[in-house]
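The block underneath contains the structure these notes are about, expressed in structure tokens.
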Amino acid sequence: MTSSSPHDAVPKQSDVPALSTTSLTIRFGGHVAVNSVTTQFSPGTLTAIVGPNGAGKTTFFNLLSGQLKSTSGQIHFKGEDITRLNVAKRTRMGIGRAFQLTNLFPQLSVIENVRLAVQSRHRAGFNMTSMWKNRADLIEQANHYVAQVGLAPRSNELAAQLSHGGKRRLEVAILMALEPEIFMFDEPTAGMSADEVPLILDQIKRLKQQGDKTILLVEHKLNIVHSLADRIIVLHNGELLADGPPAVVMRSQIVQEAYLGAKRPVAKRGTQEGQSYA
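If you count the sequence shown from 1, position 168 lands on 168 in the UniProt record's numbering, and the numbers rise without skipping.
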């Protein structure tokens, strides 16, 4: 009989981050766009990723979702190394991202765009027999997501006929229809009217209230960040500058210097979730 050491114990699932990065770096020629970022995201949390223009926010998102391949470093999803997996494989695993209008089929109706996302989630594929057999159920589910973003009255219109804000709402409906474990929103309210913004913010709040979804949000509007986020990560010149509760991080002198363009702050390259620098 052998005795087990505490160090040999398998971590509980709740202890494993939903998503984590270790020394994540990407270079474009001589330019380092993301520099040795180490952080993690827990299930049931909403983290806002902020920073000045050119800070590396969207590039970091592209690394997490698989649009870009890192020069070095690792990305783990629930403890599994996904660093070299492509977008499609990450999506199937449960990492979903709203793609800023690139994932829409403009010549299909609103409802058909969302129906395809529901179909993809159910692995129905494009087998014609399967597709038509389940079509009514797929449409019913798609209608649910379309209604949540306020597009039910326009469900039979072509996606191409929607306003920019309407297309962004359709993106959110598609992402929700995929029902990923990790939701990635890159400026979800950009281009929306004042009437449209509350619809999307309400949906993000509802996702957060489910308690088991991990939400990552790139957002320039700090009032939105404060209303939604449990935690803020600040990137500056591709480096992790600060990490912690919104009220603490945004009062930090080093963060204010980054935003106001004062003397260049010295970034912190690695943090544990919730640790802040001031």
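Ideal placement from N, C-alpha and C gives every residue a C-beta, glycine not left out.
- Annotation for Val172: Ala98, Val149, Phe185, Pro188, Ile200, Gln203 place their beta carbon closer than 8 Å to its own, counting only its chain and skipping 5 residues before and after.
- If you draw a straight line from the Cα of Gly73 to the Cα of Arg154, it comes to about 44 Å.
- Apart from the 5 residues on each side of it in sequence, Val34 sits with its Cβ closer than 7 Å to the Cβ of Leu24, Thr25, Ile26, Gly56, Thr59, Phe60, Leu63, Gly238 in its chain, given in chain order.
- Nearest in C-alpha terms to Leu240, of all of Gly30, Phe28, Gly29, Pro52, is Pro52.
- In this chain, the alpha helix (DSSP H) harbouring His226 covers 222 to 228.
- The beta carbons of Leu138 and Val118 sit closer together than 9 Å.
- In the three-state reduction of the DSSP assignment, Asn86 falls in the coil class.
- For Thr214, the enclosing beta strand (DSSP E) begins and ends at 214 to 218.
- When the Cα atoms are used, Leu216 and Ile182 turn out to be separated by approximately 8 Å.
- Around the beta-carbon of Ser193, fewer than 16 other beta-carbon atoms lie within 10 Å, marking it exposed.
- Among the bridge pairs identified by DSSP, His122 is matched with none.
- Around the CB of Arg84, fewer than 16 other CB atoms lie within 10 Å, so the residue is classed as exposed.
- In this structure, Ile82 sits away from Thr22, with a CB-CB distance that is not shorter than 9 Å.
- Where Arg231 is concerned, the enclosing beta strand (DSSP E) starts and stops at 231 to 236.
- In the DSSP secondary-structure assignment, Val149 is not bridged to any residue.
- His31 has Phe28 as its beta-bridge partners, per DSSP.
- By the beta-carbon neighbour count (other beta carbons within 10 angstroms, threshold 16), Asn113 is buried.
- Across the structure, Ser163 and Ile174 are spaced so that their CA atoms are roughly 16 Å apart.
- With fewer than 16 other beta carbons inside 10 angstroms of its own, Gly54 counts as exposed.
- Around the beta carbon of Lys167, a 10 Å sphere encloses 16 or more other beta carbons of the protein chains shown; the residue is thus reported as buried.
- For Leu46, the closest alpha carbon among the candidates Glu257, Ile111, Phe28, Asp243 is that of Asp243.
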